[in-house]
Amino acid sequence: MNAKTLEELAAYVGGSVRGDAAVPIHSVSTLESAKEGEITFLANRKYKKLCLTTKASAIIAAEELESPASLLITEDPYYAFAQIMDLFYGKPDLPESCISPKSAIAQSAQIGENTCIGDFVSVEENTRIGRGSRIYPGVSVGKNVQIGENCVLFPNVVVYENCRIGNRVRIHANTTVGQDGFGYATHRGIHHKIVHIGRVIIEDDAELGAGCAIERGALDDTVIGKGCKIGDHVVIGHGTRIGPHCLLVPQVGIAGSVVMGHHCVAGGQVGIAGHLKIGSGVMIGAQSGVGDDIPDGTKIFGSPAFEALRAKRAYSLIKSLPDMWKSLRKMEKKLAETADAEEHGTARR
Amino acid sequence: MNAKTLEELAAYVGGSVRGDAAVPIHSVSTLESAKEGEITFLANRKYKKLCLTTKASAIIAAEELESPASLLITEDPYYAFAQIMDLFYGKPDLPESCISPKSAIAQSAQIGENTCIGDFVSVEENTRIGRGSRIYPGVSVGKNVQIGENCVLFPNVVVYENCRIGNRVRIHANTTVGQDGFGYATHRGIHHKIVHIGRVIIEDDAELGAGCAIERGALDDTVIGKGCKIGDHVVIGHGTRIGPHCLLVPQVGIAGSVVMGHHCVAGGQVGIAGHLKIGSGVMIGAQSGVGDDIPDGTKIFGSPAFEALRAKRAYSLIKSLPDMWKSLRKMEKKLAETADAEEHGTARR
Amino acid sequence: MNAKTLEELAAYVGGSVRGDAAVPIHSVSTLESAKEGEITFLANRKYKKLCLTTKASAIIAAEELESPASLLITEDPYYAFAQIMDLFYGKPDLPESCISPKSAIAQSAQIGENTCIGDFVSVEENTRIGRGSRIYPGVSVGKNVQIGENCVLFPNVVVYENCRIGNRVRIHANTTVGQDGFGYATHRGIHHKIVHIGRVIIEDDAELGAGCAIERGALDDTVIGKGCKIGDHVVIGHGTRIGPHCLLVPQVGIAGSVVMGHHCVAGGQVGIAGHLKIGSGVMIGAQSGVGDDIPDGTKIFGSPAFEALRAKRAYSLIKSLPDMWKSLRKMEKKLAETADAEEHGTARR
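Keeping their order, the protein sequence lines are chains A, B and C.
When the first sequence is numbered by my numbering, its final residue is 349 and no position is left out of the sequence of numbers.
When the second sequence is numbered by my numbering, its final residue is 698 and no position is left out of the sequence of numbers.
When the third sequence is numbered by my numbering, its final residue is 1047 and no position is left out of the sequence of numbers.
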């Protein structure tokens, strides 16, 4: 890694320097672990006091603060940190261009310039992979697939036939794109398979974690919108359309034919039932179970899920159910005694 | 795709035609997207009015209805649609027969006629794969495995040694069959592995989604019954026996030594604890947590799960807990005031 | 399998014999299925009466009991059973040593003695794999990885660059180790990737199930402690540190930057939010959702999770919510009537 001066980094992210602009920075770290020559960041005020003792040479921060380190002041420190991480470490670890002789590429497949195909990769007939893409070992790409430019498919990813993958898409290891959806016509106790002819379309700049499973549509396509970031082990049902820039945290499951807007966030292990309409900007708390349409901009929580503030209060009261139960029984008894006393004229008074 | 006349399709599914029996049909679609030359279906009356405006040339329906399209009348339209999808599109996309020179097949393995083995497939000693099966690239099949006829194993499926797979079984990409179960003997704080010598047996006509994990038994076999359809990311524990024709929706987890009857349905993300007996025809709502034996024909819901109708009412009342809490506190206060008043003879009256 | 006498087995596990010490044992089974020549065990008194009718030649038990079978008496029968299973069946099914000519091993990679590399395994530059390890077909190991001695990586496991795996670690099929964590800096509606430079460190004697996904850290390492046993489909977030000897049951999800102590147990489908501190010896019931730090030795349950005994009582009361609701409404009505009656001087008495 070549070192950069703090001034160079400030220029790169569009920020300004307080302190030693010439200090050389060669790496990144946390406030707690940073050593000389490293830059770190303060995005959460909770950690402000760590700035007093950090050994880092520089801190990216939104405002001036007390620290032995020099400062790189910028509006959005975490974003600046992401940019600097990318500057230092964002290079792919595959060579610039190579087609492994141990791969199996169909004659009719088209591989773009500067694209790297690893060992034991199989690419079927009529498939196109754009320039600058990196296909790691063991990936299997079916027939008639289109993969755009500068994509990365990590080892053992599987893409079924006819799927469409945009530009700069990253798909982590062991993820499956385009398997048949869970669709059967049950006739006299036998479940008959619905053949699936829809595709999966993954738009530009999306990233999928490891071990995901994205079902192809039965008739319509399944769509993962532009810029979506999807965690490990997320399952998306057939014909579901996820709008742009959504964040789906690991282990989320979305059933089929759901339409989700843009900029939604679903927390870990969330489940969404089929055929629902989820608006834009919807935030869904971890482990929630969603069974109804959700309007734009709503925050929801719980299983079953409803408006988050009320839901947090309501679910936290489950803890008090034994007390409520006791209290109810006590009052019932009291009321019964009173009634009884009144009936028989034996009230205390 | 060769076109068929509506009359030919009606004969194929055992239905009758209203309208133009000679209209050529070359594809399938939804009521909304269908174009001339396409057939669609009406299985849910909710969408009946779309029949008035559909551009489809034919609709499969259970009864006569108003539409510009011709009708294919049959008792179970969704099943007929499944049959026609299969007729048009049900062909495998691997060639009829080929053994890739880039596969690795042990000398003692037996591969049936018309079976296709893709690139980078590894088949270990003494394994048999029946005729007409299609093994996609990157699949790994261990020693002494038996796979029946007309099976499809999609890319990167792994089958561990000794497992048994019936006929016409389909297993989607990145699914694992036969890994050791989660079994350890904890002795003085150290977890000692239980060696697993049971097998996984997958019976005829079962289908497994992508990224599933089916544990082999420790001593007894794990069994997936005939005709079961299992969604993506389902995990089945060691020694569990799933009866025939069950539907397990994506992300279901069933612990070890469970015995499940036939024709059960488990919704998305359901969890079932170990050693339980689940009857036949049991329906388990999404995200339920099952901790008790369940008798035949029961519908259950919730975590913890109980009878579904009561459970839906009960879980929906969590929303009202803050109101119940307030109401309780109010009554307690009132009763306390009354008691106090009576005590001191200061009751209003 | 060569038979052993019961006496030999007793000596092997440090127990003593009641009955025929010379009886030959060639296999293991359950109390119900065992046949002559087989040994079984009684670890749960619930099954004691099966000992009266078992066809096994020997039973491992903690104390004398009535049975036609001979007995192997030892303090911890299940542990003894695990040892005997291992004695009979614990051998790996790969040959002692081989490097498949169909693998792809970088020139700078170092492979230890007696290590077996299967077909279509890819090992990148500067990676070291210790002696006696078994790497099954289709495994992909990135650059600069270190894997210790006597490890087993089952088919299609993926290990990303720079990760560290200790000795005697077992990783089941289709598991991913070291993919990027779910970390993005959202700036003006666009999610910018945080480049991940931390590693995954898996310590000695850990076992990971099939289809797991262990994220590398962004800056700090993700750590799976010594002797941890992790079920299928477990997802561990970036920078999380799991202490030694924890048991994580299938489908558990742990978000990033969690610190968990030693000897914890998390039941199936448990979710743990990010940045939490989970003490040692913590037991978390199945499907729980953990949103707070948990002190040492605590048992918790529920979503949201709290102390297990109270939680079991509280969650079981959800069933009674409809009754509580009715009871509340009834009392409110009664109190309102009483108040009304008193107001108007029309009380019964």
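Glycine included, each C-beta is placed from N, C-alpha and C at the ideal position.
Terminal residues of the beta strand (DSSP E) in which residue i lies
i	result
alanine 871 of chain C	Run containing alanine 871 of chain C: none; DSSP gives neither H nor E here.
leucine 769 of chain C	768 to 771
glutamate 823 of chain C	Taken as a continuous stretch (DSSP letters only), glutamate 823 of chain C belongs to no beta strand (DSSP E), as it is neither H nor E.
threonine 222 of chain A	222 to 224
serine 714 of chain C	714 to 716
Reference residue i, options the options, closest by Cα
i	options	result
arginine 886 of chain C	A:Phe88, A:Ala218, A:Gln251 and A:Tyr78	A:Tyr78
serine 316 of chain A	A:Leu328, A:Gly302, A:Arg329 and A:Trp325	A:Gly302
methionine 85 of chain A	A:Leu9, A:His191, A:Ile99 and A:Ala273	A:Leu9
glycine 558 of chain B	A:Leu208, A:Gly231, A:Ala206 and A:Thr175	A:Thr175
arginine 565 of chain B	B:Ile454, B:Ile409 and B:Glu510	B:Glu510
glycine 497 of chain B	B:Ile460, B:His594 and B:Phe437	B:Ile460
leucine 597 of chain B	A:Gly181, A:Ala22, A:Glu64 and A:Val159	A:Gly181
methionine 283 of chain A	A:Gly297, A:Gly291 and A:Gly274	A:Gly297
isoleucine 1016 of chain C	B:Ala660, B:Ala534 and B:Pro671	B:Ala660
serine 376 of chain B	B:Leu677, B:Gly439 and B:Val501	B:Gly439
histidine 541 of chain B	C:Val933, C:Lys841, C:Gly989 and C:Ala778	C:Ala778
Continuous alpha helix (DSSP H) stretch holding residue i: start and end
i	result
tyrosine 136 of chain A	Taken as a continuous stretch (DSSP letters only), tyrosine 136 of chain A belongs to no alpha helix (DSSP H), as it is neither H nor E.
isoleucine 433 of chain B	426 to 438
tyrosine 12 of chain A	6 to 13
Neighbourhood of residue i by C-beta distance below 6 Å, restricted to the same chain and skipping five residues each side
i	result
glycine 610 of chain B	Gly592, Gly628 and Ser629
isoleucine 803 of chain C	Val821
valine 157 of chain A	Val139, Ile171 and Thr175
arginine 1011 of chain C	none
aspartate 581 of chain B	Gly558, Ala559, Gly560 and Pro599
Three-state secondary structure (DSSP) of residue i
i	result
histidine 344 of chain A	helix
glutamate 913 of chain C	strand
proline 993 of chain C	coil
proline 1002 of chain C	coil
leucine 50 of chain A	helix
lysine 626 of chain B	strand
arginine 188 of chain A	coil
arginine 743 of chain C	helix
glycine 736 of chain C	The sequence shown places glutamate at residue 736 of chain C, rather than the glycine named in the question. Strand, per DSSP.
isoleucine 1016 of chain C	helix
leucine 763 of chain C	coil
glutamate 207 of chain A	strand
alanine 802 of chain C	strand
serine 288 of chain A	coil
threonine 938 of chain C	coil
C-alpha gap between residue i and residue j, whole angstroms
i	j	result
threonine 364 of chain A	phenylalanine 469 of chain B	Not covered by the structure: residue 364 of chain A. The range shown for chain A is 1 to 349.
arginine 832 of chain C	threonine 127 of chain A	35 Å
alanine 690 of chain B	leucine 684 of chain B	10 Å
isoleucine 970 of chain C	glycine 267 of chain A	11 Å
glycine 828 of chain C	proline 799 of chain C	19 Å
valine 549 of chain B	asparagine 516 of chain B	15 Å
phenylalanine 503 of chain B	threonine 54 of chain A	52 Å
glycine 605 of chain B	methionine 331 of chain A	45 Å
isoleucine 888 of chain C	glycine 368 of chain B	53 Å
glutamine 985 of chain C	isoleucine 922 of chain C	21 Å
valine 619 of chain B	lysine 675 of chain B	33 Å
glutamate 552 of chain B	serine 801 of chain C	33 Å
serine 16 of chain A	isoleucine 563 of chain B	56 Å
glycine 327 of chain B	cysteine 400 of chain B	Limits of chain B in this structure are 350 at one end and 698 at the other, which puts residue 327 of chain B out of reach.
cysteine 228 of chain A	isoleucine 25 of chain A	32 Å
valine 23 of chain A	leucine 917 of chain C	21 Å
glycine 638 of chain B	leucine 321 of chain A	19 Å
7 Å Cβ shell around residue i - same chain, five flanking residues per side excluded
i	result
asparagine 499 of chain B	Gly481, Ser482, Asn516 and Arg517
glutamate 75 of chain A	Ala62
isoleucine 643 of chain B	Ile627, Gly628, Val631 and Ile649
threonine 884 of chain C	none
Close Cβ partners of residue i (< 8 Å) along its chain, the five nearest in sequence each way excluded
i	result
glutamine 781 of chain C	Tyr710 and Val711
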